[in-house]
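S.K.: What follows is a single structure, and I will ask about it in a moment.
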Amino acid sequence: MNGSKFGILGGGMVAGYAAKQLVELGLRPGELTILSADSSVPYERPPLSKGFLAGTDSEETIRINAEDFYRKNGIELKLKCEISAVDTQRRRLILKSAGEFEFNKLLVATGARPRKLNIPGANLQNLCYLRTLEDSKANKEAISMLEQAVGMDPSYAPAWAALGLRYYYDAHYGGGGREMYQRSESAYERALALDPNLMLAAGQLTTARADSGDLRRAYQQAQALLKSRPDSGEVHLTLAYVLRYAGLLDESAHECDTALRLDPGNYQFRTCALPFMQMGNTERARDFVNLDAGSEWSNYLMAGILMREGKLNAAQEIVQRLSSNPYYHRNLLQVCLQHGSGAELDRLAREVESTTSEIPDPEPRFFRGTILAFCGEQEIGLRMLEAAISHNHCGYQALQTDPLLAKVRGSHEFRQLLPAAKGCQDKFLSERQRDSSAIRQ
Ligand SMILES: Cc1cc2nc3c(=O)[nH]c(=O)nc-3n(C[C@H](O)[C@H](O)[C@H](O)COP(=O)(O)OP(=O)(O)OC[C@H]3O[C@@H](n4cnc5c(N)ncnc54)[C@H](O)[C@@H]3O)c2cc1C
Numbered sequence: 000m001n002g003s004k005f006g007i008l009g010g011g012m013v014a015g016y017a018a019k020q021l022v023e024l025g026l027r028p029g030e031l032t033i034l035s036a037d038s039s040v041p042y043e044r045p046p047l048s049k050g051f052l053a054g055t056d057s058e059e060t061i062r063i064n065a066e067d068f069y070r071k072n073g074i075e076l077k078l079k080c081e082i083s084a085v086d087t088q089r090r091r092l093i094l095k096s097a098g099e100f101e102f103n104k105l106l107v108a109t110g111a112r113p114r115k116l117n118i119p120g121a122n123l124q125n126l127c128y129l130r131t132l133e134d135s136k137a138n139k140e141a142i143s144m145l146e147q148a149v150g151m152d153p154s155y156a157p158a159w160a161a162l163g164l165r166y167y168y169d170a171h172y173g174g175g176g177r178e179m180y181q182r183s184e185s186a187y188e189r190a191l192a193l194d195p196n197l198m199l200a201a202g203q204l205t206t207a208r209a210d211s212g213d214l215r216r217a218y219q220q221a222q223a224l225l226k227s228r229p230d231s232g233e234v235h236l237t238l239a240y241v242l243r244y245a246g247l248l249d250e251s252a253h254e255c256d257t258a259l260r261l262d263p264g265n266y267q268f269r270t271c272a273l274p275f276m277q278m279g280n281t282e283r284a285r286d287f288v289n290l291d292a293g294s295e296w297s298n299y300l301m302a303g304i305l306m307r308e309g310k311l312n313a314a315q316e317i318v319q320r321l322s323s324n325p326y327y328h329r330n331l332l333q334v335c336l337q338h339g340s341g342a343e344l345d346r347l348a349r350e351v352e353s354t355t356s357e358i359p360d361p362e363p364r365f366f367r368g369t370i371l372a373f374c375g376e377q378e379i380g381l382r383m384l385e386a387a388i389s390h391n392h393c394g395y396q397a398l399q400t401d402p403l404l405a406k407v408r409g410s411h412e413f414r415q416l417l418p419a420a421k422g423c424q425d426k427f428l429s430e431r432q433r434d435s436s437a438i439r440q
């Protein structure tokens, strides 16, 4: 029989954080054993129905502690180990596979189980419950299943729309590049041809127009959607997105507020954190980031919020939790937040500029350019801002209000960006004015 001073029954979120805390409090190697029926090291469960399912988080990014944390700290992790009883008198756990485990102190952290449906059809083969990592599907698997689904029934519009979203996630976060963007647009177009009322597909096609710089058509489409569905939070989000690209942060923020009021808790509204961050309203930005709390994407944005608040140590802590996915450029943020400069920072800044230039959407260029300017990489940062503006991510208001740009705002090079950003925004505003006058006539 084996045992240890402390035992944790269960290997979920509580177990992961308790182990972390015990180590911080001076736990010695060999003192703790975690006994878990799970087959994976403790992970955050909320992303299973959000970022992980969407493909923006990976197994690595949702872990509470790195995989080698347990070994390094002498914590024994017994996975696939189900406990059938606790004998509190003898301080023993009774293993389902036979055998016992002795402890001095025990933390019971067995979480919850899904309540199974008790209705006719509840035992059908393809009825799924979502509780564990195994239950959740990687984006690429979802793509393959949806491709099969539309192959079997090409007339089912929601499957095309769902496939379009999966392709988009792969293009944006999974390194799928332009080809996946194109596939995403084609899938949405198929969905809309079959069902013009599918808001998800219509909204995504509109934002794709904004990504490609066609702000005028994107705005027209968003307005048309709004006319037919003024009560849809997703439609207000679409309009907010286009306005953000046009540089009109106040208007964008207003649409975001409306979206959240109409559909509180929709995690897709998390993107609305951006205009508020750029306006310096970090408190409201937090509300939107928290819609997707626990995901890697929200950690990334939370680091940006903390940087804007000048809380660089707290930002550093969050950045440590980011994965090596190039989308989050963790190494650059780490060096920057440790007040690093010199050759290493220059190399990382060039790397970020190069990987970002492969993304057709200009917003990551603007967002990362801002970060680089803050980190002291003014030349590359401003070049990226300029590139974003020239691809119709106007950014005129953000240039004037984003707290991260405070240090460079006085420079001659920065001031040279403003006319281009204003020109971009003025063009959008005059087209909008002309189009709305034409409609009124
Ligand atoms: C899909 C999904 C989305 C969620 N989203 C959110 C959200 O957005 N916001 C939010 O606040 N919360 C959310 N939650 C809830 C949140 O994940 C839980 O509150 C949290 O996981 C509870 O942590 P825990 O450690 O108590 O339990 P769990 O994380 O469930 O871990 C329980 C552990 O105990 C193990 N176990 C159970 N019985 C035994 C046994 N007999 N022997 C051995 N091991 C055993 C399990 O294998 C597991 O490892 C979500 C949950 C799910 C499933």
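0 is the number of the first residue of the sequence shown in numbering that gives the first Met the number 0; add one for each residue after it.
The beta carbon of each residue, even a glycine, is placed where N, CA and C say it ideally should be.
1. Figure out for me which residue from Leu24, Ala17 and Asn64 has the closest Cα to the Cα of Ser39.
2. Apply the 10 Å Cβ neighbour rule to Pro41 and answer buried if 16 or more other Cβ atoms are within range, or exposed otherwise.
3. Report the option in Ala160, Arg329 and Glu58 whose CA atom is closest to the CA atom of Asn196.
4. Please say whether Leu106 and Phe100 have beta carbons closer to each other than 9 Å?
5. Is His338 buried or exposed, if buried means 16 or more other CB atoms sit within 10 Å of its CB?
6. Going by C-alpha to C-alpha distance, which of Ala284, Gly150, Leu242 and Ser35 sits closest to Lys79?
7. How about Arg260 and Ser251: are their beta carbons less than 9 Å apart?
8. Check this for me: beta carbons of Thr354 and Ala397, under 9 Å apart or not?
9. Touch check for the stretch 208-227 and the stretch 348-367: three-plus C-beta pairs under 8 Å?
10. Measuring only from the beta carbon, is Glu81 closer than 8 Å to any heavy atom that is part of ligand 1?
11. Mapping DSSP to helix, strand and coil, what is Ala320?
12. Below 8 Å CB to CB, which residues in the same chain sit around Glu254 once its five sequence neighbours on both sides are set aside?
13. Quick one: give me the first and last residue of the alpha helix (DSSP H) that Ala161 is part of.
14. Look up Arg215 in the DSSP assignment and say whether it is helix, strand or coil.
15. Does the distance between the C-beta of Gly11 and the nearest non-hydrogen atom of ligand 1 fall short of 8 Å?
16. Taking the beta carbon of Thr32 as the centre, do at least 16 other beta carbons fall within 10 Å, making it buried, or is it exposed?
17. CA-CA distance, Asn265 and Gln147?
18. Ligand 1 and Glu59: does the residue's C-beta get closer than 8 Å to at least one heavy atom of that ligand?
19. Could you say which of Met198, Thr60, Arg177 and Gly394 lies nearest to Ile317 if we only look at CA atoms?
20. Note down, in chain order, each residue of its chain lying with its Cβ closer than 7 Å to the Cβ of Ala314, except the 5 sequence neighbours on either side.
21. How many whole angstroms separate the CB atoms of Thr109 and Leu8, which I take to be in contact at a CB cut-off of 8 Å?
22. Identify whether Ser3 lies in helix, strand or coil by the three-state DSSP scheme.
23. Tell me the DSSP bridge mates of Phe100?
24. When the Cα atoms are used, what is the spatial distance from Lys4 to His328?
25. Can you tell me whether Thr87 is buried or exposed? The criterion is at least 16 other CB atoms within 10 Å of its CB, across all chains shown.
26. Can you have a look at Gln20 and say buried or exposed, based on whether 16 or more other CB atoms are within 10 angstroms of its CB?
27. Mind checking whether Gln277 and Leu311 have CB atoms under 9 Å apart?
28. Tell me which residue opens and which closes the alpha helix (DSSP H) that Thr60 is part of.
29. Could you name each continuous alpha helix (DSSP H) segment of 4 residues or more that falls completely within the stretch 220-296, going from the start of the chain to the end?
M.R.: Taking the structure as given:
1. Asn64
2. buried
3. Ala160
4. no
5. With fewer than 16 Cβ atoms within 10 Å of its Cβ, His338 is classed as exposed.
6. Ser35
7. No, the pair does not count as a contact, with Cβ atoms beyond the cut-off.
8. no
9. yes
10. yes
11. Contrary to the premise, residue 320 reads as Arg rather than Ala in this sequence. In this structure, Arg320 counts as coil in the three-state DSSP scheme.
12. His235, Leu236, Leu238, Ala239 and Leu242
13. Ala156 to Tyr172
14. helix
15. Yes - ligand 1 has a heavy atom lying nearer than 8 Å to the Cβ of Gly11.
16. So Thr32 counts as buried.
17. Cα to Cα, Asn265 sits roughly 28 Å from Gln147.
18. no
19. Thr60
20. Ala302, Leu305, Met306 and Leu336
21. 6 Å
22. Strand at Ser3.
23. Asn1 and Leu92
24. 40 Å
25. exposed
26. Taking a 10 Å sphere around the C-beta of Gln20, we find fewer than 16 other C-beta atoms and assign the residue as exposed.
27. no
28. Per DSSP, Thr60 belongs to no alpha helix (DSSP H) and is neither H nor E.
29. 232-244, 248-261, 272-278 and 281-288
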